[in-house]
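**Q** My questions all concern the structure below.
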Amino acid sequence: MIPSAVSKTLQTWKHNLFMPGESMAADLIRRAQSRQEYRMAWWRLVLATVPSIEATLDRVKTGGVFEYSIIAYALVVLVIARSRGQHSAWRWVFAVGDVTCLQFYAFSHFDDRSTLEAAFAYVATANIVMLTNSLRLSLPLLWTSAAGILAGYLWFFQAGMDDMRVRVGGVMLLLICLVLATMIVRGQLRLLTESRARARLRRFVSPEIADELERRQEVFDRPTSREVTVMFVDIRGFTPNAESMSPEDSVAFLNQFFQRVTGAVFAQQGTVDKYIGDCVMALFGAPIRQRDDATRAVNASLEIARSIAAWNVDRVARGEFPVKIGIGLNTSLVVAGAVGTPQKLEYTVIGDGVNVASRVCELTKHHPATILLTEATRSCVSGDFPWLDFGNITLRGRNTPLRLYGLNP
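Numbering (my numbering), first residue to last: 113 to 521.
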């Protein structure tokens with residue numbers, strides 16, 4: 113049976129965590145839209161110079177108000193888009209401005225052409241505007257702009273609709289471009305969210321686990337109840353030693369420590385849950401469960417201890433203090449999934465078994481063993497290990513004693 117507190121947590125997550133995830137993705141998309149708008153502002157400025165260049169090269173026509181007005185418009189848009197505080201409403205203003213400029217361009221430049229030539233010149237220009245709008249990564253904005261472009265086409269060329277090429281060809285080309293632009297937006301939005309999710313995932317799980325999750329296409333952060341072996345790895349006496357280190361040296365030291373622990377965890381296909389000061393919390397059995405998770409956790413613990421011992425040989429040779437660690441393991445039923453706020457989510461596990469693993473790690477200070485594990489973990493481990501039996505011990509903050517075993521590399 114799941115403890116009532118854990119069960120209540122599970123129900124709360126099921127109802128409340130998916131909207132924060134969507135909000136997080138929405139924030140990511142909004143930032144990308146802002147960057148794209150700034151790039152589009154430069155592209156718009158380049159396009160705005162085309163009518164002026166045409167007028168300069170044309171021996172009959174000369175540049176007029178329209179040619180210089182759209183350059184001024186493009187410069188104003190560039191200044192606004194450059195602002196970091198750009199509001200999303202500006203994208204709609206810019207989109208309306210682009211469509212309006214297109215209509216004025218058609219009104220002032222197509223009067224000396226045949227209806228067919230003017231219609232397809234309009235379509236060509238409109239398709240450029242529509243494809244450019246796809247960079248805004250907003251389907252409502254794209255579709256609204258397309259509706260304005262199509263309405264302008266039907267109004268400008270209503271007198272030429274008796275020509276099948278104007279009536280059908282122009283409209284079909286506009287609709288085909290709209291479908292293409294929609295596919296571009298959908299694809300970019302999907303790649304944007306998926307690539308960020310994959311990047312975040314690969315920071316916490318081994319490459320093999322990440323590949324397996326992608327292959328299965330599972331929603332791994334949905335809160336579920338599962339049996340997990342939780343590992344805590346802590347540095348003993350780090351605070352006194354850190355007093356003699358500069359902040360830069362402390363960070364470099366911790367990074368080297370984390371690298372060794374993470375490498376050993378990933379080698380056994382475990383998951384690094386979080387770094388807590390000079391402590392590492394790792395999981396075996398989440399987000400992917402394997403039959404020998406407890407054994408993998410023990411093997412990872414032994415590899416961590418050996419790696420730190422080899423590191424100490426080099427450190428002592430350089431006159432630096434040796435690193436002492438303690439490792440605590442516990443296997444229990446927990447709730448695994450995404451937890452946090454709309455601004456920040458993380459994959460983790462919650463349950464009494466996590467606290468037990470942390471308390472067991474603390475006890476390595478008082479027992480002659482680098483690795484301590486509960487009987488729940490010991491009973492799941494296959495293989496012969498030189499176990500040390502410490503009997504029943506009452507953990508801090510608990511009334512029921514637990515049987516603990518020790519292990520040295």
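C-beta: ideal position from N, C-alpha, C; glycine also.
Is it buried or exposed for A160, if we count other Cβ within 10 angstroms and need 16 for buried?
**A** Classification for A160: buried.
**Q** Rounded to whole angstroms, what's the CA-CA distance from F370 to V392? Just pull it up for me.
**A** Going from the Cα of F370 to the Cα of V392 covers about 7 Å.
**Q** Which first and last residues belong to the beta strand (DSSP E) in which T336 is found?
**A** Run containing T336: T336 to R348, per the beta strand (DSSP E) assignment.
**Q** Restricting to Cα atoms, I'd like to know which of R156, S200 and V291 is closest to A184.
**A** When only C-alpha atoms are compared, the closest one is R156.
**Q** Quick one: is L441 buried, meaning 16 or more other Cβ sit within 10 Å of its Cβ, or exposed?
**A** Counting Cβ neighbours within 10 Å, L441 comes out buried, since at least 16 surround it.
**Q** Go to G518, then tell me how far its beta strand (DSSP E) extends in each direction, as first and last residue.
**A** Where G518 is concerned, the enclosing beta strand (DSSP E) stretches over L514 to L519.
**Q** Between V493 and T486, what straight-line distance do the alpha-carbon atoms span, to the nearest angstrom?
**A** Cα to Cα, the separation comes out at about 11 Å.
**Q** Does DSSP classify V451 as helix, strand or coil?
**A** Note: V451 maps to strand in three-state DSSP.
**Q** Spell out the partners DSSP gives E149 in its beta bridges.
**A** According to DSSP, E149 bridges with nothing at all.
**Q** Does the Cβ of N245 have 16 or more other Cβ atoms within 10 Å, making it buried, or fewer, making it exposed?
**A** N245 should be labelled buried.
**Q** Among T227, G299, A238 and V297, which residue has its Cα nearest to the Cα of F216?
**A** F216 has its Cα closest to that of A238, out of T227, G299, A238 and V297.
**Q** Can you tell me which of V162, G349 and A293 puts its alpha carbon nearest to the alpha carbon of A186?
**A** Of V162, G349 and A293, the residue nearest in Cα terms is V162.
**Q** Please report the straight-line C-alpha distance between A233 and Y150, rounded to a whole angstrom.
**A** Rounded to the nearest angstrom, the two C-alpha atoms are 27 Å apart.
**Q** Between F269 and the rest of its own chain, which residues show a CB-CB distance below 8 Å, the 5 nearest in sequence each way excluded?
**A** Only T227, A230, A231, Y234, V278 and G282 meet the Cβ criterion.
**Q** So is G503 buried or exposed if we call it buried at 16+ other beta carbons inside 10 Å?
**A** Exposed: under 16 other Cβ atoms inside 10 Å.
**Q** Would you kindly report the start and end of the unbroken alpha helix (DSSP H) that includes D274?
**A** Unbroken run through D274: none, as it is neither H nor E.
**Q** Which of helix, strand or coil does DSSP assign to I240?
**A** Helix at I240.
**Q** By DSSP, does N281 sit in helix, in strand, or in coil?
**A** Checking the sequence, you will find Gly at residue 281 rather than Asn. G281: helix per DSSP, three-state reduction.
**Q** Taking the beta strand (DSSP E) that D501 belongs to, which residues open and close that run?
**A** Taken as a continuous stretch (DSSP letters only), the beta strand (DSSP E) holding D501 covers L500 to I505.
**Q** With burial defined as no fewer than 16 other Cβ atoms inside 10 Å of the residue's Cβ, what is the status of P335: buried or exposed?
**A** That one is buried.
**Q** So what does DSSP say about F216, is it helix, strand or coil?
**A** In the structure shown, F216 sits in a helix (DSSP, three-state: H, G or I).
**Q** Per DSSP, F396 is paired with what?
**A** For F396, which the question treats as bridged, DSSP gives the partners T341.
**Q** With 16 other CB atoms within 10 Å as the buried threshold, where does M276 fall?
**A** By the 10 Å Cβ count, M276 comes out exposed.
**Q** CA-CA distance, V447 and L301?
**A** When rounded, the distance between both Cα atoms is 31 Å.
**Q** Less than 8 Å between the CB atoms is what I'm expecting for P521 and A421, so what's the real figure, rounded?
**A** P521 to A421, Cβ: 7 Å. Contact.
**Q** Under a three-way DSSP split, which group does V425 fall into?
**A** DSSP places V425 in helix when its eight states are reduced to three.
**Q** Can you tell me where the alpha helix (DSSP H) holding V435 begins and where it ends?
**A** Here V435 belongs to no alpha helix (DSSP H), and DSSP marks it neither H nor E.
**Q** Taking all protein chains shown into account, decide if G495 is buried (16 or more other Cβ within 10 angstroms of its Cβ) or exposed.
**A** When all chains shown are included, G495 counts as exposed.
**Q** Secondary structure at L484, three-state DSSP: helix, strand or coil?
**A** Strand at L484.
**Q** Using 7 Å as the threshold, is the C-beta distance between A376 and I437 below it?
**A** No, Cβ-Cβ distance for A376 and I437 is not below 7 Å.
**Q** Which residues bound the alpha helix (DSSP H) around D404?
**A** No alpha helix (DSSP H) contains D404, which DSSP labels as neither H nor E.
**Q** Suppose contacts are defined by Cβ-Cβ distances below 7 Å. Is L262 in contact with A293 by that definition?
**A** Their beta carbons are not under 7 Å apart, which means L262 does not touch A293 by this criterion.
**Q** Just to check my reading of the structure: V468 and G397 have Cβ atoms closer than 8 Å, yes? What is that Cβ distance to the nearest angstrom?
**A** About 15 Å separates the two Cβ atoms, so there is no contact after all.
**Q** Rounded to whole angstroms, what's the CA-CA distance from W423 to S337? Just pull it up for me.
**A** Each residue's alpha carbon lies about 38 Å from the other.
**Q** Check the C-beta distance from D426 over to D390 and give it rounded, since I have them as a contact under 8 Å.
**A** At roughly 19 Å, the Cβ-Cβ gap does not stay under 8 Å, so D426 and D390 are not in contact.
**Q** Can you give me the C-alpha to C-alpha distance between V342 and A394, rounded to a whole angstrom?
**A** Taking the straight line joining both Cα atoms gives about 6 Å.
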